[in-house]
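Enquirer: Can you read through this structure? Questions will come right after.
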Amino acid sequence: MDWIATSLGLEPDDLVAVRLSLLVATVGTLASLPFAVLVALALARGKFWGKTLLGGLVHLPLVLPPVVTGYLLLIAFGRRGILGQTFENCCGLVFSFRWTGAALAAGVMGFPLMVRAIRLSIEAVDRRLEDAAATLGSGRLGVFFAVTLPLSVPGLLAGVVLGFAKALGEFGATITFVSNIPGETRTLPAAIYTLTQTPGGDAAAGRLVLIAVALSLAALVASELLARRLATRISG
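Residue 226 in our numbering sits at position 216 of the sequence shown, with consecutive numbering throughout.
If you want it as structure tokens, here you go:
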């Protein structure tokens, strides 16, 4: 990546922001993936009271102002928040004003997209295959890992890519929750915002915008290819 930074004329601080964004988006996406699979499975196959409410809560970050989401994260996972104190006392994990908090915010914002893609993929699996596996003696977990999950892999990967793309571009919730600290929480969007507020920083901001567009476009193209593969598998 160093030669790319040199060819684009990026400063060391800009390169740090790009690397931090990739780290934050990757950690946030992977950490939220198991929860996304569980929630998607519950929404696709579960029959319980409050299912509609759960679906609404899952998609709430998509319709709430990102600043509101960041504020709620600050209340819950800040130093004085119940969850924040719990994680700090039991694991030594601090979220507020740390890159880990940026990863948490990124994961929360990308979570609805992951759940939706995975849910659609699970719903596309033929229930008769699951029933056949159950009649052969497989329990619910066995059916899920032997039939449902393998057939849902393309949709799962598409959800991961979409969640990663959303996490990579997250700004509002992140800056509200963990501020804009150089080298710690200043991700790519925050760096672009900072440069636009700095005299003479328009050129550097433009270069970072190109990088952001390229990364996001690559993620969306990958998601589209995976979605087509899923459609081909279903129709075939």
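Note that beta-carbon positions come from the ideal geometry of N, C-alpha and C, so glycine has one too.
(1) Among Leu146, Val125 and Gly179, which residue has its Cα nearest to the Cα of Ser162?
(2) Give the DSSP-derived three-state secondary structure of Ile191 in the structure shown.
(3) Here's a check: name, in chain order, each residue in its chain whose Cβ is nearer than 7 Å to the Cβ of Leu28, leaving out the five neighbours to either side.
(4) Going straight from the alpha carbon of Ala115 to that of Thr145, what length do you get?
(5) On the DSSP letters alone, give me the boundaries of the alpha helix (DSSP H) that Val49 sits inside.
(6) In whole angstroms, what separates the C-alpha of Phe107 from that of Val157?
(7) Quick check on DSSP: helix, strand or coil for Trp109?
(8) Return the Cβ separation of Val118 and Thr79 in integer angstroms, given the expectation that the two are a contact with Cβ distance under 8 Å.
(9) Hey, Ser233 and Val171 are a contact pair by Cβ (cut 8 Å); roughly how many whole angstroms apart?
(10) Between the alpha carbons of Gly165 and Leu236, how many angstroms are there, rounded?
(11) Can the beta-carbon of Phe154 be found closer than 9 Å to that of Leu51?
(12) Would you mind reading off the limits of the alpha helix (DSSP H) that contains Ala143?
(13) Rounded to the nearest angstrom, what separates Pro209 and Gly193 at their Cα positions?
(14) Given that a residue counts as buried once 16 or more other Cβ atoms are within 10 Å of its Cβ, and exposed if not, what is Gly149?
(15) Taking Gly165 as part of the alpha helix (DSSP H), name the residues at either end of that continuous run.
(16) Does the Cβ-Cβ distance between Leu40 and Arg129 come in under 9 Å?
(17) Is it buried or exposed for Phe181, if we count other Cβ within 10 angstroms and need 16 for buried?
(18) Quick check on this structure: which residue in Ala46, Thr96 and Asp23 has the alpha carbon closest to the alpha carbon of Gly169?
(19) Once you ignore the five residues that flank Val77 on each side, which residues in its own chain have a CB closer than 8 Å to its CB?
(20) Is it true that the CB of Gly173 sits closer than 9 Å to the CB of Phe121?
(21) What three-state label does DSSP hand Thr186 in the structure shown?
Expert: Considering the structure as presented:
(1) Val125
(2) coil
(3) First, the amino acid is wrong: residue 28 is Val here, not Leu. Here the set comprises Leu198 and Ile221.
(4) 43 Å
(5) Pro22 to Arg55
(6) 42 Å
(7) helix
(8) 6 Å
(9) 4 Å
(10) 7 Å
(11) yes
(12) Arg137 to Thr145
(13) 21 Å
(14) exposed
(15) Val163 to Leu178
(16) no
(17) buried
(18) Ala46
(19) Gly182, Ala183 and Thr186
(20) yes
(21) helix
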